[in-house]
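Residue numbers (this note's numbering): 141 to 409. Even for Gly, the Cβ is constructed at its ideal location relative to N, Cα and C. From a predicted model like this one, the values you see are computed outputs, not experimental measurements. Scroll down for the structure; my scribbles are underneath it.
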């Protein structure tokens, strides 16, 4: 599935693959700096890498939350990352009519967890013939993701992967059930574990999502040990100043230590 993406490297290394980058495109400087750093680190550990950033964040808690710098400007920056660093791109879409626009730049289209049951967006994404990463809804069992997958496959696209990003525990916490990995793999597609969004603390009274970034490495190590095919992670040079999901992102200068640990676990397995 990933071997059909022409600019992905180190696929023969036997390592997990990584989808990583800032939550949203804030500006060109942060985006390019993060992409360059991640490319260097993943190549060092021979980890296949796809750069992730959203050109727009539609699912925000408050109307005054940062949503993006503009779709076309952000996509132009992602295209620069793709060309300058020879990296594949993954980005979210939020409406069916965005699929074709995003597919002009992205190698992988990501369906956000809240939208994983939306038939129109799944069909539109499938019709681009890009790889489709469907995030499991916080409200769904891993087994029920077969229905989302079937919508894409029935639309003529079997290039699918599934992402575990936590399940709601009460109103304002999430828990990661590692049983989701083999259960979704049994559907016949690669499985990714999102080690940052799965540590969100949503629905806070301030309207700004919280998180537990100190636990990112813990969840990531457990996911590799449990047999995940890939890791999804958001990272930023300075999460405290990030305009979206700063409470959940791993600081960029901590990524190398974590990737070294994950690669070592994978090598043991």
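Given residue i as reference, the closest of the options once Cα atoms are compared
i           : options            : result
residue 167 : 211, 198, 233      : 211
residue 307 : 366, 241, 337      : 337
residue 237 : 266, 223, 221      : 266
residue 277 : 354, 152, 253, 161 : 253
residue 273 : 262, 196, 363      : 262
residue 227 : 339, 241, 312, 182 : 182
residue 394 : 378, 407, 382      : 378
residue 335 : 282, 390, 288, 294 : 390
residue 291 : 371, 374, 264      : 264
residue 258 : 241, 172, 229, 289 : 289
residue 304 : 230, 293, 282, 173 : 282
residue 240 : 162, 323, 178, 271 : 271
residue 247 : 324, 146, 213      : 146
residue 231 : 380, 374, 398      : 374
residue 206 : 398, 396, 397, 384 : 384
residue 398 : 387, 380, 371, 409 : 371
residue 324 : 280, 353, 157      : 280
residue 367 : 409, 170, 143      : 409
residue 223 : 151, 293, 179, 294 : 179
Close beta carbons around residue i, own chain, < 6 Å, minus the five adjacent residues each side
i           : result
residue 219 : 245
residue 215 : 195, 245
residue 369 : 330, 331
residue 407 : none
residue 355 : 339
residue 233 : 239, 242, 249
residue 143 : 151
For residue i, the residue or residues it bridges with in DSSP
i           : result
residue 275 : 303
residue 160 : 191, 373
residue 249 : 231, 272
residue 351 : 340
residue 390 : 375
Expected contact under 8 Å - CB spacing of residue i and residue j to nearest Å
i           : j           : result
residue 149 : residue 185 : The pair is not a contact, with the Cβ atoms about 12 Å apart (cut-off 8 Å).
residue 249 : residue 243 : 6 Å
residue 164 : residue 194 : 5 Å
residue 286 : residue 251 : Actually they do not touch by this definition, with Cβ atoms about 15 Å apart.
residue 342 : residue 320 : The Cβ separation is near 19 Å, so there is no contact.
residue 217 : residue 171 : 5 Å
Closer than 9 Å to chain D by CB, residue i
i           : result
residue 217 : The displayed structure is made up of one protein chain only, and chain D is not part of it.
Other residues of its chain near residue i: CB distance less than 7 Å, five sequence neighbours each side excluded
i           : result
residue 269 : 297
residue 176 : 225
residue 380 : 386
residue 345 : Bear in mind that a pLDDT of 46 at residue 345, under 50, signals an unreliable position, so the number given afterwards is only what the model happens to contain. Correct list: empty, nothing qualifies.
8 Å CB neighbourhood of residue i in its chain, flanking five on each side removed
i           : result
residue 82  : This structure cannot speak to residue 82, because the chain is shown only from 141 to 409.
residue 327 : 285, 286, 289, 302
residue 359 : 316, 333, 335, 338, 339
residue 309 : 315
residue 382 : 162, 163, 166, 376, 389
residue 208 : 164, 165, 194, 195, 196, 197, 214
Scan the stretch 290-335 and note each continuous alpha helix (DSSP H) run of 4 residues or more that stays entirely inside, going in chain order. 320-325
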